[in-house]
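In this note's numbering, the protein residues as written are 484 to 716.
Quick reminder that beta carbons are idealized off the backbone N, C-alpha and C, glycines included.
None of these values were measured; they are calculated from a predicted model.
Contents: one structure, followed by commentary.
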């Protein structure tokens, strides 16, 4: 089984990218979105990024580690009527006791509260808890699209990246797409690197090792002013 993967690794060439459909653009323009989040649209290009990944309103889409819900505020409403949005969050019980566990629990609680506060906007999104060292994101072959935004460096530092990519492969349907956005290093970085960047070839290699085939890359989110020389991340 071969599942193609659309990779946007640190994805400004907007002319070659598909435009978001009318429904997606309307969702991006939604007045429920956090105004602070909206200010980042000019840098994160959600419409072009999601259109590049081929998102459709009828799909089952799993977002890995949504964090504060920057993309959730777009994805859940867009998929509310015809599709399904799944937020994949770290199982708090799998995190080390203390700050890490508290953070994982708070992240899930805050996202649930966001959705529950506006059911007319978000509908009823699903949650799946996963253990990073041996993740399961749902029933095998059940998702059309798996999305992860700026997470790969964290998994790599924790030694969980290979397991995560394997989990993505299992949950995707044949022909499903994995969309990855990541902070792109100038070149490959060592295993103990803590800069918060990953080499593009390294990310592609991890995906291919899990069984994926690269079908596209994009520069839509590239930042020419990023010097990529922050040793502390």
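Residue i to residue j span [Cα, whole Å]
| i | j | result |
| --- | --- | --- |
| residue 613 | residue 562 | 22 Å |
| residue 560 | residue 578 | 30 Å |
| residue 510 | residue 633 | 22 Å |
| residue 566 | residue 502 | 20 Å |
| residue 518 | residue 594 | 17 Å |
| residue 699 | residue 585 | 37 Å |
| residue 684 | residue 690 | 10 Å |
| residue 643 | residue 616 | 5 Å |
| residue 658 | residue 652 | 10 Å |
| residue 504 | residue 607 | 23 Å |
Closest residue to residue i among the options (Cα-Cα distance)
| i | options | result |
| --- | --- | --- |
| residue 554 | 585, 520 and 591 | 520 |
| residue 545 | 574, 594, 596 and 627 | 627 |
| residue 654 | 547, 538 and 597 | 547 |
| residue 591 | 571, 605 and 557 | 571 |
| residue 596 | 552, 505, 504 and 543 | 552 |
| residue 639 | 681, 569, 539 and 513 | 681 |
| residue 701 | 539, 524 and 528 | 528 |
| residue 630 | 513, 549 and 526 | 549 |
Where the alpha helix (DSSP H) through residue i begins and ends
| i | result |
| --- | --- |
| residue 635 | 635-641 |
| residue 602 | 602-605 |
| residue 653 | 644-654 |
| residue 522 | First-last for residue 522: undefined, no H or E at that position. |
CB contact flag (residue i, residue j, <8 Å)
| i | j | result |
| --- | --- | --- |
| residue 618 | residue 646 | yes |
| residue 693 | residue 649 | yes |
| residue 535 | residue 686 | no |
| residue 609 | residue 656 | no |
| residue 660 | residue 537 | yes |
| residue 598 | residue 611 | no |
| residue 543 | residue 569 | yes |
| residue 530 | residue 558 | no |
N-terminal and C-terminal residue of the beta strand (DSSP E) that residue i is part of
| i | result |
| --- | --- |
| residue 546 | 543-547 |
| residue 627 | 626-632 |
| residue 695 | 695-699 |
| residue 609 | 609-613 |
| residue 568 | 567-573 |
Cβ-Cβ separation, residue j to residue i (assumed contact under 8 Å), whole Å
| i | j | result |
| --- | --- | --- |
| residue 635 | residue 665 | 5 Å |
| residue 516 | residue 556 | 5 Å |
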